[in-house]
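Student:
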Amino acid sequence: MLQQALAKGRLSHAYLFSGPEGLGQEKVLQDLVESLSCSGNILAPCGECPGCRAHAGGSHPDLHLIAPDGGSIKLEQIRALQHVLSLQPYLGSYRVCVVQGAEFMTIQAANSFLKMLEEPGERVVFILLCRSPESLPKTIVSRCQVLPFRPLAPGILQDRLEEEGVPPERAKAAASLAGGRPGEARRLLEDENWAERERISKELASFPEMDGIRVLALAEEWSQDREKADIFLDMALLWYRDLLVLATTERRDLVINCDHLPELAAQAKRYTPGELLRALGIIEGCRSKLAGNVNLRLLLEDVFFTLTKEVV
3 MLQQALAKGR
13 LSHAYLFSGP
23 EGLGQEKVLQ
33 DLVESLSCSG
43 NILAPCGECP
53 GCRAHAGGSH
63 PDLHLIAPDG
73 GSIKLEQIRA
83 LQHVLSLQPY
93 LGSYRVCVVQ
103 GAEFMTIQAA
113 NSFLKMLEEP
123 GERVVFILLC
133 RSPESLPKTI
143 VSRCQVLPFR
153 PLAPGILQDR
163 LEEEGVPPER
173 AKAAASLAGG
183 RPGEARRLLE
193 DENWAERERI
203 SKELASFPEM
213 DGIRVLALAE
223 EWSQDREKAD
233 IFLDMALLWY
243 RDLLVLATTE
253 RRDLVINCDH
263 LPELAAQAKR
273 YTPGELLRAL
283 GIIEGCRSKL
293 AGNVNLRLLL
303 EDVFFTLTKE
313 VV
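Counted from 1, the sequence shown has number 98 at position 96 by my numbering; the numbering is strictly sequential.
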């Protein structure tokens with residue numbers, strides 16, 4: 003669709019790329035920006051003109067990036083664009099404004115940005131990235147062409163990963179864990195990330211037999227890094243979800259951690275559905291508290307003790 007718009011010279015003045023990370027938005031964004039940066043042929047960027055060289059060097063004067071600063075996109079950031087976007091392109095075919103995390107605009111910033119959308123300058127293209135159109139004011143969404151990026155079916159993603167040389171069992175697990183997001187699947191398959199995932203899986207499988215000393219040590223270890231603690235809890239949520247599936251249904255095909263099915267099946271027999279639902283609620287509650295100013299070690303201790311059979 004974008005290629006046709008480029009070919010016909012009918013680009014929209016604003017596009018909204020929506021969807022979770024890892025679905026190809028960044029790749030499409032880079033390809034589109036590369037085309038719009040070329041001084042000559044936007045359908046087939048030459049790679050040699052001043053515009054292409056400036057883009058490759060990360061210093062194109064017609065490309066303007068906005069991202070959350072301190073958790074939000076502020077009015078001052080939007081105002082700084084107003085004059086520069088009124089000028090004609092310097093090297094490329096268009097002036098391009100990319101807004102990362104558009105849902106984090108403050109109310110004042112969103113109102114100011116809306117005015118720019120209502121009166122866009124000539125040869126200006128806005129590209130907004132956000133997780134969901136519902137997270138933005140309807141007035142902004144209505145002035146953009148929305149391009150939704152959706153997950154692939156796990157089977158399709160598994161086939162693509164296998165075509166790239168990933169072993170079938172690992173490809174199936176990565177596609178399932180990633181929720182059909184190719185970027186996330188490839189991130190998981192990196193050696194360091196896969197090794198960490200296996201390590202966390204081993205810990206989760208051992209919770210029924212874990213004694214208090216090990217629980218305290220584990221909480222101390224994972225409390226050193228909030229980002230890693232978040233990863234651990236994300237995996238715990240999927241792991242206990244799988245346990246609930248196995249404890250309440252015969253649908254082994256619904257298990258996300260499919261490469262750990264034997265351990266999960268054995269562990270599921272040690273819990274009642276009610277215990278697993280309680281565990282899932284506590285894990286989710288812990289994840290929601292991570293963003294706050296909490297004692298992470300004490301929070302993890304509470305969760306980990308809950309996940310041991312004796313306490314549940």
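Beta carbons are placed, not taken as given, at the ideal position from N, Cα and C, and that holds for glycine. Quick caveat: nothing in here was measured; it's all calculated off a predicted structure.
Would Ile-284 pass as a contact of Leu-239 if the rule is Cβ separation under 8 Å?
Tutor: Against a cut-off of 8 Å, the Cβ pair of Leu-239 and Ile-284 comes out as no contact.
Student: Within a Cβ cutoff of 7 Å, which residues of the same chain sit near Ser-114, ignoring the five residues on either side of it in sequence?
Tutor: If we look at Ser-114 and ignore the five residues flanking it on each side, its Cβ neighbours are Leu-77, Ile-80, Arg-81.
Student: Just to confirm before moving on: does the CB-CB distance between Arg-145 and Ser-20 stay below 8 Å?
Tutor: Their beta carbons are not under 8 Å apart, which means Arg-145 does not touch Ser-20 by this criterion.
Student: Leaving out the 5 sequence neighbours to the left and right, which residues in its chain are closer than 6 Å to Met-3 when beta-carbon positions are compared?
Tutor: None.
Student: So if DSSP puts Phe-234 in a beta bridge, which residue, or which two residues, is it bridged to?
Tutor: None; Phe-234 has no bridge partner.
Student: What does DSSP give as the partner residue(s) for His-15 in the beta ladder?
Tutor: Answer is none; His-15 lacks a bridge partner.
Student: As a quick exercise: from Leu-301, Ala-7, Pro-70, pick the residue whose alpha carbon is nearest that of Gln-226.
Tutor: Out of Leu-301, Ala-7, Pro-70, Leu-301 has the C-alpha closest to the C-alpha of Gln-226.
Student: Tell me which same chain residues have a C-beta within less than 7 Å of the C-beta of Phe-209, skipping the five on either side of it?
Tutor: Only Leu-309, Thr-310 meet the Cβ criterion.
Student: What is the DSSP secondary structure of Pro-184, counted as helix, strand or coil?
Tutor: Helix.
Student: Quick one: what does DSSP say Arg-289 is sitting in, helix, strand or coil?
Tutor: If DSSP states are grouped into helix, strand and coil, Arg-289 belongs with the helices.
Student: Determine, for Arg-97, whether the minimum Cβ-Cβ distance to residues of chain D falls below 8 Å.
Tutor: The structure shown has no chain D; it contains just one protein chain.
Student: Around the Cβ of Glu-229, are there at least 16 other Cβ atoms within 10 angstroms (buried) or fewer (exposed)?
Tutor: Exposed, because fewer than 16 other Cβ atoms sit within 10 Å of the Cβ of Glu-229.
Student: For Ile-129, which residues does DSSP report across the bridge?
Tutor: DSSP, once it has assigned bridges, lists Tyr-17, Val-100 as partnering Ile-129.
Student: Can you tell me whether Asn-259 is buried or exposed, with buried defined as 16 or more other CB within 10 angstroms of its CB?
Tutor: With 16 or more Cβ atoms within 10 Å of its Cβ, Asn-259 is classed as buried.
Student: Less than 8 Å between the beta carbons of Leu-65 and Val-30, yes or no?
Tutor: Going by C-beta atoms, Leu-65 is not nearer than 8 Å to Val-30.
Student: Can you find at least 3 beta carbon pairs, one from the stretch 55-74 and one from the stretch 86-96, that sit closer than 8 Å?
Tutor: Contact between the stretch 55-74 and the stretch 86-96 is present, because at least three Cβ pairs lie under 8 Å.
Student: Could you tell me the boundaries of the alpha helix (DSSP H) in which Val-217 lies?
Tutor: Counting along the chain, the alpha helix (DSSP H) containing Val-217 begins and ends at 214-224.
Student: Have a look at Ile-129, Asp-193, Ser-178 and flag the residue whose alpha-carbon is nearest the alpha-carbon of Glu-28.
Tutor: Of the candidates Ile-129, Asp-193, Ser-178, the one whose C-alpha sits nearest the C-alpha of Glu-28 is Ile-129.
Student: When you compare the CB positions of Gly-1 and Phe-151, do they come within less than 8 Å of one another, or not?
Tutor: Outside the shown range of the chain (3 to 314) lies residue 1, about which nothing can therefore be said.
Student: Just the Cα atoms here: how many angstroms apart are Glu-171 and Val-143?
Tutor: Answer to the nearest angstrom: the Cα atoms are 41 Å apart.
Student: Of all the options Gly-185, Glu-252, Ala-267, Trp-224, which has the alpha carbon lying nearest to the alpha carbon of Leu-245?
Tutor: Minimum Cα distance to Leu-245 is reached at Ala-267.
Student: I need the DSSP call for Asp-255, collapsed to helix, strand or coil.
Tutor: Helix, per DSSP.
Student: Determine the DSSP secondary structure at Gln-90, reduced to helix, strand or coil.
Tutor: Here Gln-90 sits in coil by DSSP.
Student: Taking 8 Å as the threshold (C-beta atoms), are Leu-282 and Ala-249 in contact?
Tutor: The answer is no: Cβ separation not under 8 Å.
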